[in-house]
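J.:
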Amino acid sequence: MKPWIKHALRGIALVILVVITAIASGIFWLLDTTSGFRWAVDVSEPYLPVTIQYADANGSLWQGVTFSRLTVTAKTNTLGFQEITATGLNLQWQPRKLLETQVSISRFHLNKLSIALVESPPPPTSDEPPALPKIHLPVNIVLNDLRVGDFQLSRAQQTLAQVNDISLRARAAGSKINIETFAAGFQGETYRLNGKLDFAPRWQIALNLPSHHVATQGSCVTEQPLECDLLLSWEDFSHPQIPQVESPNGDFKIHLTTQIVQAEGQTDIVTSAGDFHLVVDSFTDLTNSSSELKELQVTPASGGELQGSAQVNWRDGVRAQAQLQLNELNLQAWLGDKIDVAKITARLDADVGYKEELKDGKITLQIANLDLGKKPLKGDVIAQLQGQKISLEKLRLQNDVNELKASGEYGIDNQAIKLDLDFNAGNLNTIAEALNGSGHLVGNIAGKATAPDAQFTLNAQNLRFADTEIGKANMALIAKNLQLAAPEKIQLQKLDLVAEQLATAGNGITRIEFSASGSLPKHRATLSVSGIPGDLNLETLAMTGGITAGNTSAGYTLDTAIWDIQLQQLNISTGLRFGQWKLRQTVPIQLSQARVALNDFCLEQAQAQLCLDTVELLDQRDLTVATHVNGIYFDREKTLFKQYLQRLPTTWQTEGELRGKANIEATLANFAPRTFSIESAFNLVDASIHYRNEDEPNLDLPIEKTFVRIDGNQDVVNIDAGAVIDKRQQLRVAGTVKSALEKQPAIDITIDGALDTLAYIQPFVPTIAELEGKTRIDLHYQQNTENVDALVTGKVSLSEFGFILPQTGSRLRNWNIDIDAAKTSIDLRGKGAVGNGDMTLQGDIKPTDSGRFPFAARIKIDGEQLQLVDQPDRRFTASPHLQLEGEDLRWHLGGSVKISDSFMELKELPKSASSVSEDAVIYGEEPIEKPSPLVFTSDLKIIAGDNIRFEGFGLKTQIRGDLNFNLDASGRQQLQGSLMLPSGQYKSYGQDLKIEHGQIVFTGSMDNPNLDVRAARTIERPQATGLNTQIKAGIWLYGTAKHPKTQLYSTPSMSESDVLSYMLTGKPMSDVGKGEDGQAEAAALSMALAQALPTLQRIGGELGLTDITIDSDSSTGSSSVGAGKQVSDKLYVKYQYGLVGAVGRFILEYSLTQQLKIEAASGKVDSVDLTYTWDSKLPSATDDKKKADKSDERDKD
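Going by full-length UniProt numbering, the first residue of the sequence shown is number 1, and it counts up by one from there.
(1) E951 bridges to which residues according to DSSP?
(2) Please list the segments of the alpha helix (DSSP H) lying wholly inside the region 186-212, counting only runs of 4 or more residues, in order along the chain.
(3) Which runs of the alpha helix (DSSP H) at least 4 residues long sit entirely within the region 425-500? Give them in chain order.
(4) Thinking C-beta only, is L113 closer than 7 Å to F151?
(5) Can you give the Cα-Cα distance for A346 and K378, rounded to whole angstroms?
(6) From G830 to L812, what does the alpha carbon distance come to, in whole angstroms?
(7) Report yes or no: do three or more beta-carbon pairs, one from the region 374-390 and one from the region 438-451, lie closer than 8 Å?
(8) Between which two residues does the beta strand (DSSP E) containing E356 stretch?
(9) Mapping the DSSP letters down to three states, classify Y1132 as helix, strand or coil.
(10) Out of curiosity, what's the CA-to-CA distance linking K1042 and T510?
(11) Within the same chain, show all residues whose beta-carbon is closer than 6 Å to that of F641, passing over the 5 residues directly before and after it, in chain order.
(12) When burial is assigned at 16 or more other CB atoms within 10 Å of the CB, is I260 buried or exposed?
(13) Any heavy atom of the ligand SAM closer than 6 Å to the beta-carbon of I761?
(14) Rounded to the nearest angstrom, what separates L48 and Q262 at their Cα positions?
(15) Drop a sphere of 10 angstroms on the beta-carbon of F601, count the other beta-carbons inside from all chains shown, and report buried for 16 or more, exposed for fewer.
(16) Of the residues N474, R192, R692, Q590, which one's Cα is nearest the Cα of L648?
(17) What does DSSP give as the partner residues of N390 in its beta bridges?
(18) If I follow the unbroken beta strand (DSSP E) through M980, where does it start and stop?
(19) Which class does M543 belong to by DSSP, given the choice of helix, strand or coil?
(20) Does the count of Cβ pairs from the region 558-568 and the region 589-599 closer than 8 Å reach three?
(21) Reducing DSSP to helix, strand and coil, say where I141 ends up.
(22) Can you confirm whether the region 197-214 touches the region 227-245 when touching is taken to mean that 3 or more C-beta pairs between the two stretches lie within less than 8 Å?
(23) Taking DSSP as the reference, what is the three-state secondary structure of Q807?
(24) Would you kindly check if the distance between the Cβ of L91 and the Cβ of V72 is under 7 Å?
(25) I'd like to know if V834 contacts chain B, where contact means its C-beta is closer than 7 Å to some C-beta of that chain.
(26) Distance, Cα to Cα, T33 vs D165?
(27) Per DSSP, what kind of secondary structure is N90 in: helix, strand or coil?
(28) Under the three-state reduction of DSSP, which class applies to S1053: helix, strand or coil?
(29) In this structure, what does DSSP give as the bridge partners for E637?
(30) What are the partner residues of L612, as DSSP defines its beta bridges?
(31) If you reduce the DSSP assignment to three classes, tell me which class T284 lands in.
(32) Can you tell which of I490, Q366, L207 has the C-alpha that lies nearest to the C-alpha of L193?
(33) Under DSSP, the alpha helix (DSSP H) around R38 begins and ends at which residues?
(34) Around the C-beta of L502, are 16 or more other C-beta atoms found within 10 angstroms, so that it is buried, or is it exposed?
(35) Does H523 pass the burial test, meaning 16 or more other C-beta atoms within 10 Å, or should it be called exposed?
(36) Out of G36, I1000, R1017, which has the shortest C-alpha to C-alpha gap to T1040?
Laid out in structure tokens, this is it:
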């Protein structure tokens, strides 16, 4: 080869090498350097439809690139977006995969991505049916890690969507896309999705939302005509945006073509208001611009069903027709558990037309049955729509005694509203069991809907709902300019409310009167409440005030509103106990969320003052309270406790004044204290007790010091209290409370002291007299945060203790009682005299592990000849041998009581001895029985021993016998046994009858024993033979205590008149002379009236009966005394009372004519008699003449 050829080839090879090296270097510079990457971006921008701006670009096209900020702005609107902004962009990909026709992105991270869309014009209308695009990628795409911290989509500076924490891992090849994982956060909820998409000629869709248990499957034909089928199904679906709704399962099918859309499905839905099953079937015809809801069915789990259908046409305006049928639909979930039954059966029909504005329409609701547990309500609701006017033509619901009516109209253009309401409730209990009472509510609303006027009146009686009862209520309300958007402009012209006989949760109030008027900026109100529990009455509360919006432009809100009050008058009466308290001066009060303040609030009575000097609460957190008390005297002239001191004997005098003050600071959270500090001191100054009696030496008991001091904070509260009397005797209470705000604070308190005479206490217990004795107290109370059970140790002793009970005359003497408290038990020992008898007490109380009252006790009581009652007309001496045992809330008393050396003289029945008749019905008094958690049982033997006498109501007798008293856990009391009347006398019909036999038998009932008492007079009658015959004539009391009966008896048997004659005169009726006959008759009448008249006087006084008659029945030989009254010329009323047997009855006599009368009697035997009377004597001439004269006189008249 020629040398120049070689040189040429070398040169060419060198040039090629240089060119290749240059190209390789250029490619390397372009792909693998930051400057090459930046150059490529800058050079390519003029040829792109967007402009690119970036900051801090690093990396290379081969290794990956990063931007701190990248902004892509569209040059035209055809791209659909205006600007894309990304911050913190990091892209890494694998260029080598391009050789395999694959784009592989290893990482694509953005801290924030914002896309601003263009304001797109409305899409062009076309008659061509829509077609789905065909997608087929020329290369495969693998996206291993896409993450976007925050994504925002906006248009015209309005945010359309904002999503955070987006992550995606997906693959795409040809027409298929496989979404392996996708997650995004939206409005606080994280959504996770996976699925597959195939964009072949027939689209295939399979998407799952595992975060919410939703799956979607479907397919679409991309060619003409369009046809798609989609199935949406889910299980256990819930979403925080609708926290009250869950769906355990459901599915929904959609069939879509270019002309129609069909949708049907079913689901179970669980809500706080109730569970139900929903079925929907709809059909939409896009060609005819119409849609039909073929089926809507709701089946609640609580019962009933709802069925509906609807048709809508929007070709020329909108025309909608709907039908809804409710069958026994349960409404209880909406009305609350206070209503036991709530069902409705109704039909709703609606027909509404709309074109640019409301055209016409009519809505009709027919309520066939609204059942709230009693008598169902029925009625109609008819609303008419015409142009700019909506009219409520009719609203009416009613049953037999209740009716609700309403009518009204509303103008859409001028917002004029008018509504008239009338609810007349004759008996609310006929609607629902939970409602009671009657009333009448009338009201109307008129004016502009944004500021109407309202007027309502209410009159109601015997209202009862839940735990609240109102005997009577009246309300009148007149309000103007009800602007809810501007509440300061509302004018309350009148609000008067009166409620009587209120009761809630067992607490009653007699009457409440409230009145208010004005507006939020300026108003006034008065309030009075009487009959508050505790004998309190709020006689008058009068105030003026104003509410301002505060420093805000948002208007009136609860957070910023400030209520300034001037409390002008406050009178509180406390009955006879403490008199009436009055407000000393007008008190300013400020209430707001930021500050609650009250100053110089003082209630005065005489010289006493109860004052709140300062109360301030800042930001509902920092509380300060300062208070003081003074002028509470214990002198008779100046005291508040006049009623109490009036019960104290005049020989006792007390003196002293209570003064004190307290300061409290606290930090609150939700109005509960979190920290606090307290300083308080109360003292009784110049106190003493004096006893003055002319027959006894004077007694002066100076009380030198009495105080109570409490100070500390939430960590430790110190308590120090005590009294020093006559220098030598004192009582001291000292201790601490640690962790006072904890649920179980630690308490350590010591009580120590002694009194050499209990006479100091006598003024405070006026129900007893001659109190004497000594006492010594040494107690220690402990309770810590770890052990809930409190521990009391120490000893309380009473010695030489005694007193007299004036009501019974009994006297306790020389009692010595010791109570020893140890860690495991409290021992009780006592011994003393009651009257002339001795009594002992012995027992123990021990803690237990459980129960509301975790302790058990056993106490033994023994006594002999205890004089429990010692009065001139009665004495009661008993010898008890009892044992009381119990644990927690179950207690039992057993043993025996022997009664002896006792008597009673009863001249009249006490008021407590009379009770309401068994067959009486008392209206308006329904006793509220509150079951007691305490279960008390008893099993006692009662022995009537020697020397027990009773005198009363003509009876003088001894009493002997045994009884067994039993009280079971249900509260049923039973008495078994009998009492014998071994000897005595019974005074009846003026004679002293000797008791031959007497027995009172108890067979269970305590107040209705069986009676069997016979008392007779014995008469010796001489016979022709010269021998005397013994005759007994007496009266027999039998039956029961509630229904006693009497009957005369004799030996030998004889007529009732002879028995009565023997009892009164000692002779038979045939031997009674004329004078004696009248004497016996008068005596019998006198004695009978003495028995019968008290009953007649009581009944006659109630009925106004004035006439007294004596009646006899010839057929039975019985007699009776009666009281009657001529009510009118034809009506006579009489009450008869039997002289023997004490059976009463009412008689009505009505004269139909002069000869014919009807008589109705009610008693032991009911009867109706018709009596006709005539004169059997022939009329004389004189009678004829008298009749003729009377006839002439009537003619003249």
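We treat Cβ as the ideally placed atom computed from N, Cα and C, and that holds for glycine.
T.: So, from the data block:
(1) Within the sequence shown, numbered from 1, the residue matching residue 951 stands at position 951. DSSP lists E905, K956 as partners of E951.
(2) none
(3) none
(4) Counting from one through the sequence shown, the residue named residue 151 turns up at place 151. Counting from one through the sequence shown, the residue named residue 113 turns up at place 113. In this structure, L113 lies closer than 7 Å to F151 by Cβ.
(5) Here residue 346 refers to the residue found at position 346 of the sequence shown. Here residue 378 refers to the residue found at position 378 of the sequence shown. Straight-line Cα distance between these residues: approximately 9 Å.
(6) Residue 830 sits at position 830 when you count from the first residue of the sequence shown. Residue 812 sits at position 812 when you count from the first residue of the sequence shown. About 12 Å.
(7) no
(8) Here residue 356 corresponds to residue number 356 of the sequence shown, with the count starting at 1. Neither: E356 is in no beta strand (DSSP E) and is coded neither H nor E.
(9) Here residue 1132 refers to the residue found at position 1132 of the sequence shown. Correct three-state label for Y1132: strand.
(10) Within the sequence shown, numbered from 1, the residue matching residue 1042 stands at position 1042. Within the sequence shown, numbered from 1, the residue matching residue 510 stands at position 510. Taking the straight line from one Cα to the other gives about 37 Å.
(11) Here residue 641 refers to the residue found at position 641 of the sequence shown. Excluding sequence neighbours, F641 sits near nothing in its chain.
(12) Here residue 260 corresponds to residue number 260 of the sequence shown, with the count starting at 1. Per the 10 Å Cβ criterion, exposed.
(13) Absence of the ligand SAM from the depicted structure is noted, as is the absence of any ligand whatsoever, leaving it without description.
(14) As a working note, residue 48 is residue 48 in the sequence shown. As a working note, residue 262 is residue 262 in the sequence shown. About 45 Å.
(15) Numbered from 1 along the sequence shown, position 601 holds the residue referred to as residue 601. Under this definition F601 is a buried residue.
(16) Along the sequence shown, one-based indexing puts residue 648 at 648. Closest option to L648, Cα to Cα, is R692.
(17) Mapped onto the sequence shown, residue 390 falls at position 390. A small fix is needed here, since residue 390 is Ile in this sequence, not Asn. L385, Y410.
(18) Residue mapping note: residue 980 aligns to position 980 of the sequence shown, counting from 1. Taken as a continuous stretch (DSSP letters only), the beta strand (DSSP E) holding M980 covers 973-980.
(19) Sequence index remark: in the sequence shown, residue 543 carries index 543 (1-based). Strand, per DSSP.
(20) yes
(21) By 1-based counting over the sequence shown, the position of residue 141 is 141. Strand.
(22) yes
(23) Here the question's residue 807 lines up with position 807 in the sequence shown. Q807: coil per DSSP, three-state reduction.
(24) For the purposes of this step, residue 72 is taken as residue 72 along the sequence shown, with counting starting at 1. For the purposes of this step, residue 91 is taken as residue 91 along the sequence shown, with counting starting at 1. Contact flag unset, no.
(25) This model lacks chain B altogether, as it is built from one protein chain only.
(26) Here residue 33 refers to the residue found at position 33 when the sequence shown is read from its first residue. Here residue 165 refers to the residue found at position 165 when the sequence shown is read from its first residue. The straight-line gap from Cα to Cα measures roughly 32 Å.
(27) Within the sequence shown, numbered from 1, the residue matching residue 90 stands at position 90. Reduced to three states, the DSSP call for N90 is strand.
(28) Here residue 1053 refers to the residue found at position 1053 when the sequence shown is read from its first residue. Three-state result, S1053: coil.
(29) Stepping through the sequence shown from its first residue, residue 637 is reached at position 637. BP columns for E637 are empty, so no partner.
(30) Within the sequence shown, the letter at position 612 stands for residue 612. Answer is F601, T627, bridged to L612.
(31) Locating residue 284 in the sequence shown gives position 284, counting from the first residue. Three-state DSSP puts T284 in a strand.
(32) As a position in the sequence shown, residue 193 is number 193, starting the count at 1. If we check each option's Cα against that of L193, L207 comes out closest.
(33) Start at 1 with the first residue of the sequence shown, and residue 38 comes out as number 38. First-last of the alpha helix (DSSP H) with R38: 34-44.
(34) Against the sequence shown, residue 502 aligns to sequence position 502. L502 should be labelled buried.
(35) Position 523 of the sequence shown, counted from the first residue, corresponds to residue 523. Classification of H523: buried, given that the 10 Å Cβ count is 16 or more.
(36) Stepping through the sequence shown from its first residue, residue 1040 is reached at position 1040. Of the candidates G36, I1000, R1017, the one whose C-alpha sits nearest the C-alpha of T1040 is I1000.
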